[in-house]
Amino acid sequence: MSDDQTYSAAAEVGQIKLQRSRFKRSWIELKKAPPTAWFGLIMIIIYGFVAIFAPWLAPFGEADSSFSSFQPWGDGHIFGTDQIGRDIFSRLIFGARNTIGIALVTTLLSFAIGGSLGLIAAINQAWLDQLISRLVDVLMAIPGLIFALMLLSIFGSSTIGLILIIAVLDSTRVFRLTRAVSLTVVVMDYVEAAKLRGEKLGWIMRREILPNIMPPLVAEFGLRFSFVFLTIAALSFLGVGIQPPTADWGSMVRDNASLIQFVRPWVTGDAFGANWGRLGEDIKLASPPLLAAGAIALLTISVNFVVDWFLHKTSGLKE
Amino acid sequence: MHPIVRTIIQRLLLGLFTLFLVSLIIFSSIEFLPGDFGEAVLGQAATKETVAAFRRELGLDLPAYQRYFDWVVGVVQGDFGQSFSGRASSGQDRSRSVIELIGPRLKNTLFLATMTAVIAVPLALFLGITAALYRNSIYDRVINATTLTTIATPEFFVAYILMLLLSSLYNVFPSLSGIRADMTFWDKIYVSTLPSLTLTLVIVAHMMRMTRAAIINLLASPYIEMARLKGISSSRIIVRHALPNAWAPIATVIAFNLAYLVVGVVVVEVVFTYPGIGQLMVDAVRTRDVPVVQACTVIFAGTYIMLNLIADIIGIISNPRLLHPR
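Respectively, the protein sequence lines represent chains A and B. Here our numbering is used: position 280 in the first sequence is 1304, and no number is missing along the way. Here our numbering is used: position 273 in the second sequence is 869, and no number is missing along the way.
Given below as structure tokens:
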């Protein structure tokens, strides 16, 4: 061995160990994912695609009510038209953009508020921590949907108001989780070292603690998103959320719900014991509210599947 | 004083304090109303005098602490003031008192909640315990997948599917639950079946998962292992060894889910036009009838806090480790 060469363990290992790119590693993980997670991921990608490219995908405008109302399936309108003659299919597509977009913005805002307050409380652990924690306790003592309803009755139903109200109410849960997981990290030596180095609060939050609490926060983001999404859909369904003419799935369910009551009772008809043609007609008639509600359900179920897999992955649990 | 009594008293005081803070929040909601809401309530044609009279009636000329005190005294006596709806710009007052609006509807909501709880609690406990007993079996997996799907589904989707199946296609139950005071008990049950069934499906999913988790957690403890090694049958292990220790988590689960019922009731009542306070609250929010909204929030939040408090106290009482603190 010559003198000018210094020994490097990394170099020796590097000769045999294949350095995989981040993308490659993710792909290997994905290949091992269960079918439910695959299903969830693919559905989320489809929803995202539809939401982003809504104006190009939809055959008609979002609030275009120039058609005759309550048209059946087919005949230029894949899923028919609604009570004031808007194309159901186009509204479903625009609904993806509006409903998912608003829920996403709300969840991001809620994480920005709850996450930063949680980190500050965990680092402070004194009067500030007490103040925020007790405030959060009180806010959480009122059921979320009820609190949101009360605030909406005061501030009125505007999209901005809706986003702010839900984000603040939901940030209480983000705060609790962030604070709880940060508390185990704050006591680490390297955080202490950073404090002694004289790093500012912002640096400690961003560079020392945040990278170490990411996995639970990412999983929580998925869960909170589906919760926020369901809350906004419920409020819109109740008529106090997203307001017309904005297309949104919750209010679509509400507007077309009465169609379900026009479905005729099931009768036994032909040789097969049932009149399938008539049943199909009736299901098509009752489809608009069910399509919108189904779109909501499918997205939240998909997110839950993916989060389930992710939690399983990061918690290191093995079968 | 016995430490457990002290803990319980502490919790009760904490609960009272929470109620006080919550009442402050609910009361102050009227403070944030925009200044011109008098015109909004009374209509465009309202004269200056009627608006001034309206503001005087609400006591807006008095200091805030005094109004808060009056309001709380009223609430404790069941007086939530007058509803905003029915006010005319002419100054003629056809409004009704809030308690008159809420009274009969509260009874209906309690009826629906009780009916749901009576069905859901035993069913969820049975499913949860059996799923824990036969965990990782087909039975367990089917139940788990079903409940995960139900939890992630909005209540109104479940409600409309049930309505389509059990009311439109097979006309077994009425799709609209127009419950009236003069109905017989069985008629009331018949009419409230669909809303109750919807709530049951949602609640059972939550409750069953929590029960299962609590029991599996217990079954992992060494004394259960010991009982199993002794050769006792698994049903006896569950009933005699696991259950006595499981009551605390199960009671917590039940109370927690009944609290959840408080929120679920709002959406379901609107779907089936069930005349309860959930529907009343939504209508009041839409017309911005603040006194009614305040009253409903007080009732919902109060029930929620009470149920959580009860869960807490049951948890303390039935936990032997808390009974004999070191």
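Just so it is clear, CB atoms sit at the ideal spot from N, CA and C, and this is done for glycine as well. Just so it is clear, the structure is predicted and the values come from calculations on it, not from any experiment.
In this model, V1160/A and G1301/A are separated by some 56 Å (Cα to Cα). With respect to chain B, the C-beta atom of R1288/A has a partner C-beta closer than 9 Å. One finds I1170 and L1173 in chain A with Cβ atoms closer than 8 Å to the Cβ of M877/B, taken in chain order. T1270/A has a beta carbon lying at 9 Å or more from every beta carbon in chain B. Note that the C-beta distance between V878/B and V862/B is below 9 Å.
Between L814/B and A844/B, the beta carbon gap of about 10 Å keeps them out of contact (Cβ cut-off 8 Å).
Under the three-state reduction of DSSP, H802/B is assigned to helix.
Using a 10 angstroms sphere on the CB of Y900/B, the tally of other CB atoms reaches 16 or more, which defines it as buried.
In the structure shown, H598/B adopts coil according to DSSP, grouped into three states.
Assignment of G1222/A by DSSP, reduced to helix, strand and coil, places it in the coil class.
Across the segment 1319-1331 of chain A, CB contacts with chain B closer than 7 Å involve I1320, A1321, T1324, I1325 and N1328, in sequence order along the chain. Proximity to S773/B across V888/B, D736/B, A713/B and F707/B peaks at F707/B, based on C-alpha coordinates.
Annotation: L1163/A to L1193/A spans about 7 Å, alpha carbon to alpha carbon. Around the C-beta of L1155/A, fewer than 16 other C-beta atoms lie within 10 Å, and the residue is accordingly described as exposed.
Our two residues, I622/B and L1315/A, have alpha carbons roughly 37 Å apart in a direct line. Per the DSSP secondary-structure output, G911/B pairs with nothing in a beta bridge. Within chain A, the residues whose beta carbon sits less than 7 Å from that of L744/B are N1328, listed in sequence order.
In the DSSP assignment, P871/B falls outside any alpha helix (DSSP H) and carries neither an H nor an E. Among the residues facing chain B, V1192/A is not included, as its CB has no counterpart in that chain under 9 Å away. Three or more Cβ pairs closer than 8 Å define a contact, and the segment 1114-1124 of chain A falls short of that threshold against the segment 1132-1147 of chain A. At least 9 Å separates the beta-carbon of V881/B from that of A755/B.
Using a CB distance cut-off of 9 Å, T614/B counts as an interface residue toward chain A. Under the DSSP assignment, T746/B falls in the alpha helix (DSSP H) whose first and last residues are I734 to A748. G1246/A and V1327/A do touch by the CB rule: their CB atoms are close to 5 Å apart, below 8 Å.
The C-beta distance from N1236/A to V1264/A rounds to 40 Å, too long to fall under 8 Å, and the pair is not in contact. Non-local beta-carbon contacts of L790/B in its own chain, meaning distances under 8 Å to residues more than five positions away in sequence, involve A755, L758, M759, L762, S763, F769, P770, S771, S773 and F868 in chain order. Annotation: R1046/A to P1240/A spans about 20 Å, alpha carbon to alpha carbon. By the beta-carbon neighbour count (other beta carbons within 10 angstroms, threshold 16), S1206/A is buried. Neighbourhood of I901/B in chain A, by CB distance below 7 Å: A1165, in chain order. Not a single CB atom of chain A sits nearer than 9 Å to the CB of F852/B. Apart from sequence neighbours up to five positions away, the residues of its chain that approach I820/B with a beta-carbon distance below 8 Å are L814, I833, H837 and A838, ordered along the chain. Under the three-state reduction of DSSP output, T1060/A falls in the helix class.
Of all residues in the segment 1191-1211 of chain A, none comes within less than 9 Å of chain B when Cβ atoms are compared. Beta-bridge pairing by DSSP links H1101/A to G1098/A.
With its beta carbon at least 9 Å from every one in chain B, L1116/A lies outside the interface. Here P1268/A is exposed, its C-beta having fewer than 16 other C-beta atoms within 10 Å.
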